[in-house]
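Engineer: Here my numbering is used: the first residue of the sequence shown is 4, the next is one more, and so on.
Next up is a structure, given as structure tokens.
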Amino acid sequence: MWEGHPCPMIGARGPKVPANLNVTTPVAQGDYLTTMHDLCGSSAPLPDNLDGVSLRPVFEKGNKGRLAKRDTGFVFHFPAFYTIPITSYRNGDYKLMRHLNSGEIKLFNVAKDMGRPRI
């Protein structure tokens, strides 16, 4: 998959979340726990080995909100039979993809390369 995942939408509603907000910041499932912990105002510490970051800044400020720095990028592995098997790694504006059948490797700047294939 060229986007690395099916690009699911997530929804959020709350007192500081603007209506009809459209954010382009990439997120992962690991961000949900950290976000809920932050939104609940918990003082309990989270484990140090969590990859997720709180999405609160983008929920409240949209694309102007800045997330905490991630230690790693996103890894997507699809060894599926229903599509071309691909492994991809995205970090910042760059995505590295490897087709598992052919071994072909491609590198994209996802912010600037408008010619890259899309879903």
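Don't be surprised by glycine CBs; every beta carbon is placed ideally from N, CA and C.
Please read these numbers as outputs of a predicted model, since none were measured by experiment.
Work out the CA separation of residue 45 and residue 115 for me, nearest whole Å.
Structural biologist: Within the sequence shown, residue 115 is the residue found at index 112, counting from 1. Within the sequence shown, residue 45 is the residue found at index 42, counting from 1. Their backbone Cα atoms lie some 39 Å apart in a straight line.
Engineer: Specify the secondary structure class of residue 61 as computed by DSSP and reduced to three states.
Structural biologist: Here residue 61 refers to the residue found at position 58 of the sequence shown. DSSP places residue 61 in helix when its eight states are reduced to three.
Engineer: Tell me the rounded alpha-carbon separation between residue 22 and residue 69.
Structural biologist: By 1-based counting over the sequence shown, the position of residue 22 is 19. By 1-based counting over the sequence shown, the position of residue 69 is 66. So the alpha carbons of these two residues sit roughly 19 Å apart.
Engineer: Applying the criterion that 16 or more other CB atoms from any shown protein chain within 10 Å of the CB defines a buried residue, is residue 38 buried or exposed?
Structural biologist: Here the question's residue 38 lines up with position 35 in the sequence shown. With 16 or more Cβ atoms within 10 Å of its Cβ, residue 38 is classed as buried.
Engineer: For residue 93, name the three-state secondary structure that DSSP assigns.
Structural biologist: As a position in the sequence shown, residue 93 is number 90, starting the count at 1. In the structure shown, residue 93 sits in a strand (DSSP, three-state: E or B).
Engineer: Can you list, in chain order, the residues of its chain with a C-beta nearer than 6 Å to that of residue 61? Leave out the 5 residues immediately preceding and following it.
Structural biologist: Locating residue 61 in the sequence shown gives position 58, where the first residue counts as 1. Within the same chain, residue 61 has close Cβ partners 26, 28, 68.
Engineer: From the DSSP output, in three-state form, read off residue 112 for me.
Structural biologist: As a first step, residue 112 is located in the sequence shown; it is residue number 109 there, counting from the start. DSSP places residue 112 in strand when its eight states are reduced to three.
Engineer: Find the nearest neighbour of residue 112 within the set 97, 36, 104, judged by alpha-carbon distance.
Structural biologist: To locate residue 112, count along the sequence shown from 1; it is residue 109. Among 97, 36, 104, the Cα nearest to that of residue 112 is on 97.
Engineer: Distance, Cα to Cα, residue 91 vs residue 71?
Structural biologist: Translated into the one-based positions of the sequence shown, residue 91 becomes position 88. Translated into the one-based positions of the sequence shown, residue 71 becomes position 68. Taking the straight line from one Cα to the other gives about 22 Å.
Engineer: For the stretch 14 to 54, which segments carrying the alpha helix (DSSP H) assignment without a break, of at least 4 residues, lie completely within its bounds, in sequence order?
Structural biologist: Whole alpha helix (DSSP H) segments, 4+ residues: 33 to 42.
Engineer: So what's residue 98 in DSSP terms, helix, strand or just coil?
Structural biologist: For the purposes of this step, residue 98 is identified with residue 95 of the sequence shown, where counting begins at 1. Reduced to three states, the DSSP call for residue 98 is strand.
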